[in-house]
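Enquirer:
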Amino acid sequence: MSVHPPGPPVRALPGLLRKLAVDRLGMMRDAAALSDAVRVSMGPKKMYILNRPDYAKHVLADNAANYHKGIGLVESRKVLGDGLLTSEGELWRAQRRNVQPAFKPGRIAAQAGAVAEESARLVELLRARAGAGPVDVLGEVTGLTLGVLGRTLMDTALDRYDGIAHAFEAVQDQAMFDMVTQGLVPTWVPLGTQRRFRRARRELARTVTGLVADRSARMSEGDGADDAFARMILAAREHGDPAVGRRLLREELVTLLLAGHETTASTLGWTLLLLARHPHIRGLVREETRSVLAGGRVPEAEDLHKLTYTTQAVQEAMRLYPPVWILPRVAQSDDEVGGFTVPAGADVLISPYTLHRHPDLWEEPERYDPGRFDPSRVASRPRYAYIPFGAGPRFCVGSNLGMMEAVFVTALVTRDLDLAVVPGHEAVAEPMMSLRMRGGLPMTVRPAE
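In structure tokens:
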């Protein structure tokens, strides 16, 4: 006998579905408040919203093969195609195997110097703006993450491709529009979102073409680098169908450009905002960084393990504002999760945003408290209570690089500068493919005492 999760009260259903279009985080919070497992009907579609660590473990790890990428990411295929975020099956496994060596811990540790240099460059850029009025800190950290991506995973300078971040904003707007409208509105319809998407797609195509041509030429001249970009180019050359190989290369590169900078930029924005709002915690981070990085030096790989409280401050920011706020899946076959039947074809949603706020797992879940990630407190929580990088086979391949980057930037900025939120500015979480800040993050800068 099939047992289905409860649905929302009939009177609440219209409001819940309306929030899918205008307040997706609100929809997830409302669903989580109803039950840890909720079934929402949208015509013939059924959404199963699951909000327990053991449910997440089952869908993302234990029976991951039964759950393919779902709502939101499916719509992103218009630009990402069969990149690592959206591909499935043997193609995904081959792509993952190909780039995995570029993310080995030893290789990431060897990139610490590049990450530290880019972090120090950001500090000097912000220092130059001290007393000169507000600066969009989110825009600056986005530039930093693109610079780190280019140096560590592509051996390519990305500073002249300043349109990448804006192009991806338009792509994400279109993906969310397609999700809400169920893809029923063709992209040629002259809506503002559609026009921006078409321009962004053309811009990304030009960017990718230029990047591939430049790097391929250097490789032909004897560049023997083994970074992620080089491995993608070699795989494309070895593909049995050259046209398919070139297409997959373009799609994998677009995915690398998006995933390689957006999530870390989001994490840094929220971390710096939370530290500005909590001067006592910022003081503790500053005390640690001035001890570990005494004399104004930049961090090295081994310092990452010494910056323990700084790391916890970043982890807690990712708890409250996980860069990947939702993990959508589609069940391929009938399954059972926590005693509930999940039929084939059902959309299954695991939201780190609500899981990280579950009151049974987190005391005062809305409070910013880096001490939650002290090892003694971590040991008392279920493993899947905290999944900012996803979980299971599709765990984020770049998590180690992203954490190094976030910790190094947080350490240097906090050690040397005081950032303050512009009075009256309200930071609004915008749930797109990542949990970005709507409208940037205007802050004033002054040297730290």
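Just so you know, the sequence shown maps onto residues 154 to 602 in the working numbering. Positions of the beta carbon are idealized from the N, C-alpha and C atoms, including for glycine.
Assuming Ser507 contacts Arg182 under a Cβ cut-off of 8 angstroms, what Cβ separation, rounded to an integer in Å, is found between them?
Expert: Ser is not the amino acid found at residue 507; the sequence shown has Thr there. Thr507 to Arg182, Cβ: 6 angstroms. Contact.
Enquirer: Secondary structure at Glu440, three-state DSSP: helix, strand or coil?
Expert: helix
Enquirer: With 16 other CB atoms within 10 Å as the buried threshold, where does His509 fall?
Expert: Burial is judged here by how many other beta carbons sit within 10 angstroms of a residue's own beta carbon; His509 has at least 16 and is buried.
Enquirer: What three-state label does DSSP hand Phe493 in the structure shown?
Expert: strand
Enquirer: Can you name, in chain order, every residue of its own chain whose Cβ lies under 7 angstroms from the Cβ of His221, other than the five neighbours on each side?
Expert: Glu241, Arg482, Val483, Gln485
Enquirer: If you scan the region 243-288 from start to end, which runs of the alpha helix (DSSP H) of 4 or more residues do you find wholly inside it?
Expert: Fully enclosed alpha helix (DSSP H) runs of 4 or longer: 258-263, 265-280.
Enquirer: Starting from Val232 and walking both ways along the alpha helix (DSSP H), at which residues does that stretch end?
Expert: In this chain, the alpha helix (DSSP H) harbouring Val232 covers 230-233.
Enquirer: Which residues in the same chain have their Cβ closer than 7 angstroms to the Cβ of Thr567, if we skip the five residues on either side of it in sequence?
Expert: Leu428, Arg435, Val438, Arg439, Thr442
Enquirer: Flag this pair as yes or no: are the beta carbons of Ala389 and Gly375 separated by less than 7 angstroms?
Expert: no
Enquirer: Identify which residue in Leu238, Val290, Ala378 has its Cα closest to the Cα of Thr563.
Expert: Val290
Enquirer: Tell me which residue opens and which closes the beta strand (DSSP E) that Tyr314 is part of.
Expert: Here Tyr314 belongs to no beta strand (DSSP E), and DSSP marks it neither H nor E.
Enquirer: In the structure shown, what three-state DSSP assignment does Val477 receive?
Expert: coil
Enquirer: To the nearest whole angstrom, what separates the beta carbons of Asp571 and Val276, a pair I think is in contact under 8 angstroms?
Expert: That pair is no contact at about 12 angstroms.
Enquirer: Tell me Thr567's beta-bridge partners as DSSP assigns them.
Expert: Within the DSSP bridge table, the entry for Thr567 names no partner.
Enquirer: Can you tell me whether DSSP reads His319 as helix, strand or coil?
Expert: helix
Enquirer: Between Arg304, Val301, Asp308, Thr295, which has its C-alpha nearest Ile317's C-alpha?
Expert: Closest by alpha carbon: Thr295.
Enquirer: What is the C-beta distance between Val365 and Leu406, in whole angstroms, given that I count them as a contact (C-beta under 8 angstroms)?
Expert: 7 angstroms
Enquirer: Please confirm whether Asp235 and Glu391 have their CB atoms less than 7 angstroms apart.
Expert: no
Enquirer: Which residue wins for smallest C-alpha separation from Pro161, given the options Met200, Arg230, Phe256?
Expert: Met200
Enquirer: Could you name the residues of the same chain whose beta carbon sits closer than 6 angstroms to that of Glu558, not counting the 5 residues immediately before and after it, in chain order?
Expert: Contacts found: Val268, Val301, Thr417.
Enquirer: Taking the CB atoms as reference points, tell me whether Lys210 and Tyr537 lie closer together than 7 angstroms.
Expert: yes
Enquirer: Closer than 6 angstroms by C-beta to Val193: which residues in its own chain qualify, once you throw out the five before and the five after it? Chain order, please.
Expert: Met200
Enquirer: If you measure between the beta carbons of Phe561 and Pro476, is that distance less than 7 angstroms?
Expert: Phe561 places its beta carbon 7 angstroms or farther from that of Pro476.
Enquirer: Does the Cβ of Leu244 have 16 or more other Cβ atoms within 10 Å, making it buried, or fewer, making it exposed?
Expert: exposed
Enquirer: What are the start and end residues of the alpha helix (DSSP H) that includes Asp207?
Expert: 206-210
Enquirer: Curious, which full-length alpha helix (DSSP H) runs of at least 4 residues does the region 334-414 contain?
Expert: 345-373, 381-391, 395-412
Enquirer: Could you pull the start and end residues of the alpha helix (DSSP H) that Pro505 belongs to?
Expert: 505-508
Enquirer: Out of Glu602, Pro512, Gly448, Ala283, which one is the CA nearest neighbour of Met596?
Expert: Ala283
Enquirer: State yes or no: is the C-beta of Tyr208 within less than 7 angstroms of the C-beta of Gly491?
Expert: yes
Enquirer: Following the continuous beta strand (DSSP E) through Ser194, name the residue where it begins and the one where it ends.
Expert: DSSP places Ser194 in the uninterrupted beta strand (DSSP E) bounded by 190-195.
Enquirer: In the DSSP assignment, what are the bridge partners of Lys198?
Expert: Met195
Enquirer: Can Val252 and Arg384 be called in contact, C-beta distance under 7 angstroms?
Expert: yes
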